[in-house]
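Residue numbering for the sequence shown follows the numbering used here, starting at 74 and increasing by one per position. Glycine included, every Cβ here is placed at the ideal spot set by N, Cα and C. Encoded as structure tokens, the structure appears first; notes follow it.
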Amino acid sequence: MTAAVPVAGNRFVIIGGASLVGSATAGELLDHGAAEVVLFDNFAFGSEAAIAHLRDHPRLKLVRGDVMRMADLLRATEGAAGVLQLAAFMTLSMDRDPWGGLDVNIRGVQNALEACRANKVRKVVFASSNAVYGYGPGVSGELVETTPFHSHGAPPAAILYGASKIIGEQLCRDYKRKHGLDYVVLRYSTVYGERQHYRAANALYIIETYDRVKRGERPQVFGDGSETKHFVYVGDLARANRMAFESEATDVAVNTSGPAPITTLELVRLVTELAGGGPEPEFVGNEPGKVRLTSGGAFRIAHEEAFRVIGWKPEVDMREGLRRLIAWREGNEGRAG
């Protein structure tokens, strides 16, 4: 049986759908003819604002449910051809509530996979992260799919998050081995774009910089500004999710990153420029008690394998993606959010 799940005419469930990636992917699937897209969310982190632009779509259904309740998942995934598993605690949430984070990121993934098995879902796309490579001094150079996990010197919450994503990936592998459940793991780099929230530790930097510039304050650069970040535009990621369903690929994990990495200083200067200009940045140290994710040096998250496996590559560069984010933020919807 083919592992490809065509989008047109099929029903999809996005677990954790009231989110930046969830709303963008729902739009992508609907645009490509999905019969129905179900956004499943408990609204602990998701927001009505993230999906407001989709609420009136005739083929969109919103279901309030929780990944910790199997009955909710079984009801929502019935009749689904594909399921995108997004629901997760991110690093900042994991720092505040590690018990809840491990429950959702591990037991919640098990529950989602079990519901998919029970309802004979044809394919799961699991949202993993470049956090599976870890943080700290060991993370540098080319990060490819076989790069090991580095934990030395990184904040505990970041390592708990990365380790929980490794476990989630292995649960997918386990379900493929034991039950034949087809899956593709996409290791997202830091996501940004329209309907940006204040939850992601790295993407937060974009919004914080924009807010400071707009208030006429000096934007802040942590350290000397040479630290590397690798972002991916949310529209590119929505396309990757769709292409993972449509591809013959199964039992694989691939990186989905943006075209090129950027240093924190370059990022701050670019946001300042696109926001209409502002004062020169100030260089600051880390605030005590605040989770800052640092890498060991310059790195690039290689996305060539994703092109080989599902035919995907990023199309939107950082300047264009930030331009779109700022245009949204300055428009009616962005201000109202």
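Residue i burial status per 10 Å Cβ neighbour count (16 or more: buried)
i, result
"F417", "There is no way to answer for residue 417, as the model of the chain reaches only from 74 to 410."
"A117", "exposed"
"D170", "exposed"
"P228", "buried"
"Q437", "The structure shown does not extend to residue 437, since the chain is modelled only from 74 through 410, so no value can be given for it."
"Q243", "exposed"
"D114", "buried"
"S299", "exposed"
"T323", "buried"
"H417", "The first residue shown for the chain is 74 and the last is 410, placing residue 417 beyond what the model contains."
"H376", "buried"
"W172", "exposed"
"D168", "buried"
"G266", "buried"
"A144", "exposed"
"T219", "exposed"
"D129", "exposed"
"H415", "Because the chain spans 74 through 410 in this model, residue 415 falls outside it and cannot be assessed."
"P210", "exposed"
"A231", "buried"
"P292", "buried"
"G394", "buried"
"V194", "buried"
"P354", "buried"
In DSSP terms, what residue i is bridged to
i, result
"V258", "F199, A326"
"Y265", "Y306"
"H223", "G207"
"V286", "V286 pairs with nothing; no bridge assigned."
"F356", "V294"
"T301", "T336"
"V86", "V111, V156"
Any chain C beta carbon closer than 8 Å to residue i
i, result
"H105", "Structure shown: chain C not included; a single protein chain is present."
Under the three-state DSSP convention, the category residue i falls into
i, result
"R373", "strand"
"V111", "strand"
"R381", "helix"
"K134", "strand"
"V294", "strand"
"T75", "coil"
"E121", "helix"
"G331", "coil"
"V389", "coil"
"V80", "coil"
"E339", "helix"
"G253", "coil"
"F116", "coil"
"G155", "strand"
"P228", "coil"
"E242", "helix"
"A348", "coil"
"L237", "Note on residue identity: the sequence assigns Ser, not Leu, to residue 237. Residue state, collapsed to three classes: helix."
"S96", "helix"
"M141", "coil"
"D247", "helix"
"E321", "coil"
"G394", "helix"
"A91", "coil"
"D104", "helix"
"R315", "helix"
"R128", "coil"
"G410", "Because the pLDDT of G410 is 48, which lies under 50, any placement of that residue in the model is unreliable, and the number read from its coordinates should be weighed accordingly. Three-state DSSP puts G410 in coil, outside helix and strand."
Supposed contact pair residue j and residue i - C-beta distance, whole angstroms, cut 8 Å
i, j, result
"K196", "V325", "That belief does not hold up - the Cβ atoms of K196 and V325 are roughly 12 Å apart, past 8 Å."
"R312", "E101", "6 Å"
"L93", "G174", "Not really, about 18 Å apart at Cβ, beyond 8 Å."
"S262", "G331", "6 Å"
"A76", "G106", "That belief does not hold up - the Cβ atoms of A76 and G106 are roughly 20 Å apart, past 8 Å."
"F222", "I239", "7 Å"
"V156", "A123", "About 19 Å; that fails the 8 Å criterion."
"V140", "G95", "Contact doesn't hold; Cβ gap of about 13 Å is too wide."
"V217", "R260", "That pair is no contact at about 11 Å."
"G119", "G89", "7 Å"
"V307", "A97", "5 Å"
Residue i CB to nearest heavy atom of the ligand NAD below 7 Å
i, result
"N184", "Absent from the structure shown: the ligand NAD. Ligands present: none."
- prompt: Which residue spans inside the segment 159-219 form an unbroken beta strand (DSSP E) run of at least 3?
  reply: 196-202, 214-216
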